[in-house]
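Participant: Take a look at this one; I'll ask things after.
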Amino acid sequence: MSLWAFGSNAHGQLGVGTGDDAHVPTRSIFQDAHGSTIEPIPVSISGGANHSVIVTSRGEVFSSGRNDVGQIGLAESEDRLVFTRVKGIDGAVGVSCGWDHTAVLTGSGEVYVFGSNKYGQLGVGAPVSSTHQPTKVPGLPGNVKKVACGMRFTMVVTEDGEVWAWGSNRHGEVGLVAKSAAGIIFDPVRVPINAVDVACGQYHTVYLNTDGVLVCCGRNRHGQLSGTDKTITSNQIPATKDGAVRTIFAGWSFSGFLDTYSGTVTGWGRNDHAQLAIPPASICASPTRSTCLTNVQQIACGSEHALGLDATGTCYAWGWNEHGNCGVGNTADVLEPRAIVMSAPVTLVGCGYGHSIIFTQPAVQ
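Quick note: the sequence shown uses the numbering used here, first residue 119, plus one each step.
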């Protein structure tokens, strides 16, 4: 069992012990409180601009990378080049990272945050500019089942389908709520929509509502809400049939979903780096299915690249690759999905904005 990372690494976000970019999967290092190397089993992976956070099967949280505003949840401001245990959170089950903030979900439905709060993205009130310590978000119902971070905002969905949001709302990205004068929401607010899933991009959000309809909010400069009207701040995309959407996803300026039955990938929005797994073009204004991918079980998005994991344990990468974040040994854009060669099946994938992380486990005989 091993965690592997590749791509941008200027602040050690790959957790491999150096600050050099990696163009192929490179084994990450975990250290316990005593400095001993350990091998935990990740269950959730996320990354921001220059940091990464992992939740393990034991409910522990590990982080690496930049920590100038506390985005890896450690008291010191220094970068960490290996994955280090974050104290103050027990029973974690999920994580999502923004540009320089992190939100961790616990099994009891609580949300803990750390990092920058310049744009209200922590949801802990205006006086707090940042925090290095995991801090519980106040004012939430306590039964949160999903957390998702955009670049400078945070969304959660509860077991009852309620949606709560906070952070930057300059482009209407947190949903159907009134924008403040500064475009910032410092405390959690209820969004008037019922949803079962949510995904966040740079300046937009995608919801899957309880009727199976995709609701997109925020900026539409690159068609990420679907359509060519750049002035809209909300749009709806009907699902093709009941239960058709397995999961939704969002990169910085693109959106999409996995089909429940075929595991195919459908996307729309910015596509100049082939980030939709279709031939490159500046914008794909309507939902378009990739013909290159089937039986995909998981998908993870960086800023302008993505990973897809199929049922055989093969991980595919495509899109922008300036830092080697597609893991194929070079820095040329990957214009169609390409398998990442690994010696064992991949079971979990995650992305930062310019880097990628995958977990492999030996096949059961």
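Note that the Cβ used here is the ideal one computed from N, Cα and C, for glycine as well.
Just to confirm the assignment: which complete beta strand (DSSP E) runs, minimum length 3, are found wholly within the segment 186 to 248?
Facilitator: Runs found: 198 to 204, 210 to 215, 219 to 224 and 229 to 234.
Participant: Assign A457 to one of two classes, buried (16 or more other C-beta atoms within 10 Å of its C-beta) or exposed (fewer than that).
Facilitator: Under this definition A457 is an exposed residue.
Participant: Comparing C-alpha positions only, which one of A429, I350, I163 and L343 sits nearest to I401?
Facilitator: Per the Cα distances, L343.
Participant: Tell me the rounded alpha-carbon separation between W122 and G133.
Facilitator: Those two C-alpha atoms are separated by around 9 angstroms.
Participant: For T432, collect the residues of the same chain with a Cβ closer than 6 angstroms to its Cβ; drop the 5 residues on either side in sequence, then sort them by chain order.
Facilitator: Within the same chain, T432 has close Cβ partners A457.
Participant: Select from V292, I417 and R176 the residue whose C-alpha is nearest the C-alpha of D208.
Facilitator: Checked all of V292, I417 and R176; the closest Cα to D208 is R176.
Participant: Go ahead and pull the three-state DSSP assignment for T449.
Facilitator: T449: coil per DSSP, three-state reduction.
Participant: For a quick check, are the C-beta atoms of T220 and V211 less than 8 angstroms apart?
Facilitator: Not closer than 8 angstroms, so no.
Participant: Can you find the residues in the same chain that come closer than 7 angstroms, C-beta to C-beta, to I350, ignoring five residues on each side of it along the sequence?
Facilitator: Closer than 7 angstroms at the Cβ level, and outside the excluded window around I350, lie N338 and L343.
Participant: Measuring CB to CB, does F201 end up less than 8 angstroms from F148?
Facilitator: Cβ distance < 8 angstroms, so F201 and F148 count as in contact.
Participant: Given this structure, state the Cα-to-Cα distance separating S135 from V246, to the nearest angstrom.
Facilitator: As written in the sequence, residue 135 is Gly, which differs from the Ser given in the question. Between G135 and V246, the C-alpha separation is close to 32 angstroms.
Participant: Ends of the beta strand (DSSP E) at Q354?
Facilitator: Element bounds for Q354: S352 to I355.
Participant: What would DSSP say about C433, mapped onto helix, strand or coil?
Facilitator: Strand at C433.
Participant: In this structure, does DSSP put L343 in helix, strand or coil?
Facilitator: Coil, per DSSP.
Participant: For a test of the three-state rule: what should DSSP assign to K254, helix, strand or coil?
Facilitator: Three-state DSSP puts K254 in a strand.
Participant: Give a yes or no on whether the minimum CB-CB distance between V187 and chain B is below 8 angstroms.
Facilitator: Although the question refers to chain B, the structure presented lacks it and comprises just one protein chain.
Participant: Does the distance from the CB of V275 to the CB of D315 come in under 8 angstroms?
Facilitator: In contact: V275 and D315 (Cβ atoms closer than 8 angstroms).
Participant: Please classify Q416 as buried or exposed, where buried requires at least 16 other C-beta atoms within 10 Å of its C-beta.
Facilitator: It counts as buried.
Participant: For G238, is the classification buried or exposed, using 16 other Cβ atoms within 10 angstroms of its Cβ as the cut-off for buried?
Facilitator: Its Cβ being crowded by 16 or more others within 10 Å, G238 is buried.
Participant: Restricting to Cα atoms, I'd like to know which of A424, S352 and H391 is closest to L376.
Facilitator: The residue with the shortest Cα to Cα distance from L376 is A424.
Participant: Spatial neighbours of T449 within its chain, please: C-beta separation below 8 angstroms, excluding the five flanking residues on both sides.
Facilitator: For T449, where only same-chain residues beyond five positions count, the Cβ hits under 8 angstroms are H141, N439, E440, H441 and G442.
Participant: Quick one: what does DSSP say N389 is sitting in, helix, strand or coil?
Facilitator: Strand at N389.
Participant: Classify E280 as helix, strand or coil using the three-state DSSP reduction.
Facilitator: Correct three-state label for E280: strand.
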